[in-house]
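**Student:** Starting off with a structure, shown below.
There are 2 protein chains.
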Amino acid sequence: MAGPAASGDEKTAPHIASSITADVVAREAGVSPSTVSRVLNGSARVSESRRRAVEAAIAKLSFEPSPLAQGLAKGKTKTIGVITQAISSPFYGEALRGIEDQLGVLGYMPLFASGHWTNEDNIRCISLLQKRRVDGLIILTGGLSDDAVIKYSQRTPIVITGHETVNRRVFSINLDNYEGARLATRHLISLGHTRIACLAGPLDHFDARERIRGYRAALAEKELPQDPNLIVSGNFSAVGGMLAMNQLLDARIEFTALFACNDQSAYGAALSLYRHGLRIPDDISLVGFDDLYDSRFTLPPLTSVNISIFEVGRSAASAIVDLVEGRQPTVRATAAELVVRESTTRNRR
Amino acid sequence: MAGPAASGDEKTAPHIASSITADVVAREAGVSPSTVSRVLNGSARVSESRRRAVEAAIAKLSFEPSPLAQGLAKGKTKTIGVITQAISSPFYGEALRGIEDQLGVLGYMPLFASGHWTNEDNIRCISLLQKRRVDGLIILTGGLSDDAVIKYSQRTPIVITGHETVNRRVFSINLDNYEGARLATRHLISLGHTRIACLAGPLDHFDARERIRGYRAALAEKELPQDPNLIVSGNFSAVGGMLAMNQLLDARIEFTALFACNDQSAYGAALSLYRHGLRIPDDISLVGFDDLYDSRFTLPPLTSVNISIFEVGRSAASAIVDLVEGRQPTVRATAAELVVRESTTRNRR
DNA sequence: GCAATTTGTGCAAGCGCTTTCAGAAAAAGT
DNA sequence: ACTTTTTCTGAAAGCGCTTGCACAAATTGC
Chain A
1 MAGPAASGDE
11 KTAPHIASSI
21 TADVVAREAG
31 VSPSTVSRVL
41 NGSARVSESR
51 RRAVEAAIAK
61 LSFEPSPLAQ
71 GLAKGKTKTI
81 GVITQAISSP
91 FYGEALRGIE
101 DQLGVLGYMP
111 LFASGHWTNE
121 DNIRCISLLQ
131 KRRVDGLIIL
141 TGGLSDDAVI
151 KYSQRTPIVI
161 TGHETVNRRV
171 FSINLDNYEG
181 ARLATRHLIS
191 LGHTRIACLA
201 GPLDHFDARE
211 RIRGYRAALA
221 EKELPQDPNL
231 IVSGNFSAVG
241 GMLAMNQLLD
251 ARIEFTALFA
261 CNDQSAYGAA
271 LSLYRHGLRI
281 PDDISLVGFD
291 DLYDSRFTLP
301 PLTSVNISIF
311 EVGRSAASAI
321 VDLVEGRQPT
331 VRATAAELVV
341 RESTTRNRR
Chain B
1001 MAGPAASGDE
1011 KTAPHIASSI
1021 TADVVAREAG
1031 VSPSTVSRVL
1041 NGSARVSESR
1051 RRAVEAAIAK
1061 LSFEPSPLAQ
1071 GLAKGKTKTI
1081 GVITQAISSP
1091 FYGEALRGIE
1101 DQLGVLGYMP
1111 LFASGHWTNE
1121 DNIRCISLLQ
1131 KRRVDGLIIL
1141 TGGLSDDAVI
1151 KYSQRTPIVI
1161 TGHETVNRRV
1171 FSINLDNYEG
1181 ARLATRHLIS
1191 LGHTRIACLA
1201 GPLDHFDARE
1211 RIRGYRAALA
1221 EKELPQDPNL
1231 IVSGNFSAVG
1241 GMLAMNQLLD
1251 ARIEFTALFA
1261 CNDQSAYGAA
1271 LSLYRHGLRI
1281 PDDISLVGFD
1291 DLYDSRFTLP
1301 PLTSVNISIF
1311 EVGRSAASAI
1321 VDLVEGRQPT
1331 VRATAAELVV
1341 RESTTRNRR
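Residue numbers (our numbering), protein chains in the order written: chain A, 1 to 349; chain B, 1001 to 1349.
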């Protein structure tokens, strides 16, 4: 007779051991579910007394509205799809951190998917995410054509890096590639190097092209000769860097410094140099790009260009939320900065 | 008069420019929505003819059911929450890849969140994810107590690494820490080293303790003296490794080899050694643990223990899906394997 | 003091899909 | 030929929350 058991007038949901819902809260607070929803969303005026009753009930039952149901009802999921090319990339990983961070602050949640640098997977990811009704999409580079991006942006606003599209529903965020590369190359020049090799990234990659452009610009500024043999192409990976470097070295092209267009290929290049018995920085000065965390700990620690990719992630997050909520994003450009460590030194030849 | 415009009998949804729904498909196929659902889920017998009609309609309209609605209706979201401690960790990043990969194969989608190694954030993540109605949870290590894990597993099954809990709703996956550490240490011993330092991880960390245990076991096997001064504690980070190493070196403790309990701290240790003018492997042999991708490219390339963390991620994914779908997971132990590179050599003193 | 506003609230109809239930049609028994 | 079974199918009631609408109550205007 005592005890809270078996009040018997509830019909139990068939499948789910249903937890606590808005109806329950409403009953507890002695109001209708509508009112509960209203205080939850502040979507309409609610009298002080009832508001408090509802808040009390919510607290007491520690009720949390189901994002699923909210999503279905409102058509907004407070979720942003994030397409990265490889979830374990040390470079984009930092961007993901920034995105997660900032999205959290803004009350959104990221849904990550990996595009593996292939168009096919990128497209698969996009439709997967759009199917899940994400409110917006952040795409970290990848090889999608601008047209494709614009097309997909019809369903969902997009913030993208490494592209040049702009549009009411697509916002581009770009790294400070050109300036950064110029900085790096100038640094080498200022150390007295004149034959500076460039380990480029994949040429179909916007960032890669910009970095080469910066390298060339720096050479041009000082009217240094631009020997095309000095530019070798890797694929932004350590293996690629190593292979390209082997090739350059085996061809016996003369150079005293190397600008690697990203740190990962710099790692590979360093190994190649090591295998060829060349010491960094004594024989060859090396500067990288991206300033990966680990570059502080390579031997020797790598001089590199920091473009605060973490901040780029945060900006992307802010931008997509702006877009989703109908605001025009504001660009906060983060400037590239050269971090001089121990892999570069004065040209002694 | 011609053209497909304004058929006028649809009432438009208020907020969403509603795309194509099951009802539309049903109408197109001349059946009821129930039937559409049935062919979608294979949840009941449907006559050959109608099935084909429905399938045709689905294809024609390229209809994709809304996971949101399905989730709400079925109480299952085909989503697995994944709590990693830092989304950009090079080590766990590989696990994430494995998880994403395998989950994709099994028709699930990961929802990642970062616990930042703090209990507070881990708990926040768990409730965030459970609120989002994930079907299950994968937790990559982190410092949660077994009790806490068990508690949270009531709402949702959990697969966790770096713990020892087992239970009908919690499944533990563990790395081959002990064996791996033994392998690493034995390798050093076999090279004639007798004073082998150990750069340990944080002692409140299960994996870290197991690795020390393996190190000790290897020494014990050969009845080598165990000097407690030879064990220094880092925090599994490069900085920590560097600091710990500085300390050891400054204390002038004699040793000819170092077993770093993870590669990241090995990187830090290597830098410390370099700064102290000690060469790897000539002066000190170094072996790491985890075999991070970059360890192939350190100078010199690092000998390390590979525990195929990618595979661990896949196993975790399979396990959680098993749990979610009511099966008992089967353990596929992945054995640790020593990868000998160039950071270790015969003791010459 | 009564009409015209201005709140504040609940009802009910969705959002897009699943699933129980009951009945129609077809197949199988006798 | 007439029950019994078995197969299919659609209607309708959810899943948990939001929101347009209508109406009662509280204000305000004159």
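Even glycine gets a Cβ: it sits at the ideal position worked out from N, Cα and C.
These numbers come from a predicted model, not from an experiment.
1) For a contact meaning CB atoms closer than 7 Å, what does Tyr-1267 of chain B contact in chain A?
2) Helix, strand or coil for Leu-188 of chain A per DSSP?
3) Among A:Ala-59, A:Lys-76 and A:Val-170, which one has its Cα closest to the Cα of Gly-162 of chain A?
4) May I ask which residues mark the beginning and end of the beta strand (DSSP E) holding Ser-233 of chain A?
5) Does any C-beta atom of chain A lie closer than 8 Å to the C-beta of Pro-1228 of chain B?
6) What residues of chain A sit near Ala-1148 of chain B, judged by a beta carbon separation below 9 Å?
7) Checking 8 Å against the spacing of the C-beta atoms, do Val-24 of chain A and Val-39 of chain A come in under that value?
8) So is Asn-1041 of chain B buried or exposed if we call it buried at 16+ other beta carbons inside 10 Å?
9) Out of A:Leu-129, A:Glu-120 and A:Glu-94, point me to the one whose CA is closest to Met-1109 of chain B's CA.
10) Looking only at its own chain, which residues have a Cβ that is under 6 Å from the Cβ of Arg-1186 of chain B, when we skip the five neighbours before and after it?
11) Give, in chain order, every residue of the stretch 105-126 of chain A whose Cβ lies closer than 8 Å to some Cβ of chain B.
12) Can you tell me the Cα-Cα spacing of Ser-62 of chain A and His-1193 of chain B, whole angstroms?
13) At a Cβ cut of 7 Å, what residues of the stretch 1130-1149 of chain B count as close to chain A, listed as they run along the chain?
14) Taking only beta-carbon positions, decide if Leu-1096 of chain B is within less than 8 Å of chain A.
15) Between Leu-89 of chain A and Gly-71 of chain A, what straight-line distance do the alpha-carbon atoms span, to the nearest angstrom?
16) What separation, rounded to the nearest whole angstrom, lies between the Cα atoms of Asp-204 of chain A and Val-1149 of chain B?
17) With H, G and I counted as helix, E and B as strand and the rest as coil, what does DSSP make of Asn-1000 of chain B?
18) Look at the Cβ atom of Ile-1123 of chain B, then the Cβ atom of Ile-1139 of chain B, and state whether they are nearer than 8 Å.
19) Which residues in chain A sit within 7 Å of Tyr-1274 of chain B, going by Cβ to Cβ distance?
20) Under 8 Å between C-beta atoms, does Ile-87 of chain A make it to chain B?
21) Which residue comes first and which comes last in the alpha helix (DSSP H) that contains Asn-1306 of chain B?
22) Which same chain residues, not among the five before or five after Leu-1111 of chain B, have their C-beta less than 8 Å away from its C-beta?
23) In the stretch 1045-1068 of chain B, which residues sit with their C-beta less than 8 Å from some C-beta in chain A, listed in chain order?
24) Using the C-alpha atoms, what's the distance from Val-1305 of chain B back to Asn-1177 of chain B?
25) Could you give the DSSP three-state label for Ser-1043 of chain B: helix, strand or coil?
26) For the stretch 1230-1256 of chain B, enumerate the residues whose C-beta is nearer than 7 Å to any C-beta of chain A, in chain order.
27) Under 8 Å, with one C-beta from each stretch per pair, do the stretch 1337-1345 of chain B and the stretch 1281-1295 of chain B reach the 3-pair mark?
28) For the stretch 1089-1107 of chain B against the stretch 1306-1318 of chain B, do three or more pairs of beta-carbon atoms, one drawn from each stretch, fall closer than 8 Å, so that the two count as touching?
29) Would you say Leu-224 of chain A reaches chain B, if we count a Cβ-Cβ gap shorter than 8 Å as a contact?
30) Could you tell me the alpha carbon to alpha carbon distance between Ala-1073 of chain B and Arg-1051 of chain B, rounded to whole angstroms?
31) Mind checking which residues open and close the beta strand (DSSP E) that includes Glu-1100 of chain B?
32) With DSSP as the reference, label Thr-1035 of chain B as helix, strand or coil.
33) Apart from the five residues just before and just after Leu-1068 of chain B, which ones in its own chain have a Cβ nearer than 8 Å to its Cβ?
34) Which residues, in chain order, does the stretch 1179-1199 of chain B contribute to contact with chain A at a C-beta distance below 9 Å?
35) Hey, could you find the ends of the alpha helix (DSSP H) Ile-309 of chain A is sitting in?
**Tutor:** Well, looking at it:
1) Near Tyr-1267 of chain B (Cβ distances below 7 Å), the residues of chain A are Asp-294 and Phe-297.
2) In the structure shown, Leu-188 of chain A falls within a helical segment according to DSSP collapsed to helix, strand and coil.
3) Residue A:Val-170 is the option with its Cα nearest to Gly-162 of chain A.
4) Its beta strand (DSSP E) spans residues 231-233.
5) Taking Cβ atoms only, chain A never reaches closer than 8 Å to Pro-1228 of chain B, which makes this a no.
6) Under the 9 Å cutoff, chain A gives no residues; its nearest Cβ is about 17 Å from Ala-1148 of chain B.
7) No, the pair does not count as a contact, with Cβ atoms beyond the cut-off.
8) Exposed is the call here.
9) When each option's Cα is compared against that of Met-1109 of chain B, the closest is A:Leu-129.
10) Closer than 6 Å at Cβ, skipping near neighbours: Ala-1218.
11) Of all residues in the stretch 105-126 of chain A, Met-109, Pro-110, Leu-111, Phe-112, Ala-113 and Ser-114 have a Cβ within less than 8 Å of some Cβ in chain B.
12) If you draw a straight line from the Cα of Ser-62 of chain A to the Cα of His-1193 of chain B, it comes to about 60 Å.
13) So the close ones are Lys-1131, Arg-1132 and Arg-1133.
14) Any Cβ of chain A closer than 8 Å to the Cβ of Leu-1096 of chain B would place that residue at the interface, and such an atom is present.
15) For the record, residue 89 of chain A in the displayed sequence is Ser; it is not Leu. Going from the Cα of Ser-89 of chain A to the Cα of Gly-71 of chain A covers about 31 Å.
16) The alpha-carbon separation between Asp-204 of chain A and Val-1149 of chain B amounts to approximately 47 Å.
17) Outside the displayed range of chain B (1001 to 1349) lies residue 1000 of chain B, so it cannot be described from this structure.
18) Taking 8 Å as the Cβ cut-off, Ile-1123 of chain B and Ile-1139 of chain B do not qualify as a contacting pair.
19) Ordered by position in chain A, the residues that pass the 7 Å Cβ test against Tyr-1274 of chain B are Leu-299.
20) Interface criterion met: the Cβ of Ile-87 of chain A is under 8 Å from a Cβ in chain B.
21) Run containing Asn-1306 of chain B: none in the alpha helix (DSSP H); it sits in the beta strand (DSSP E), 1304-1306.
22) Correct list, in chain order: Thr-1079, Ile-1080, Gly-1081, Val-1082, Leu-1129, Arg-1132 and Val-1134.
23) Listed by position along the chain: Glu-1064, Ser-1066, Pro-1067 and Leu-1068.
24) Those two C-alpha atoms are separated by around 9 Å.
25) Looking at Ser-1043 of chain B - three-state DSSP - the assignment turns out to be coil, as it is neither helix nor strand.
26) Taking 7 Å as the Cβ-Cβ cut-off, the stretch 1230-1256 of chain B approaches chain A at Ala-1238, given in chain order.
27) Here the stretch 1337-1345 of chain B lies against the stretch 1281-1295 of chain B, with 3 or more beta-carbon pairs under 8 Å apart.
28) Taking a contact to require three or more Cβ pairs closer than 8 Å, the stretch 1089-1107 of chain B and the stretch 1306-1318 of chain B qualify as touching.
29) Output row for Leu-224 of chain A: interface = no.
30) Rounded to the nearest angstrom, the two C-alpha atoms are 22 Å apart.
31) No beta strand (DSSP E) contains Glu-1100 of chain B, which is instead part of the alpha helix (DSSP H) from 1090-1105.
32) Here Thr-1035 of chain B sits in helix by DSSP.
33) Nothing listed; no residue qualifies.
34) Listed by position, the residues of the stretch 1179-1199 of chain B near chain A (Cβ gap below 9 Å) amount to none.
35) Counting along the chain, Ile-309 of chain A sits inside the alpha helix (DSSP H) bounded by residues 309-324.
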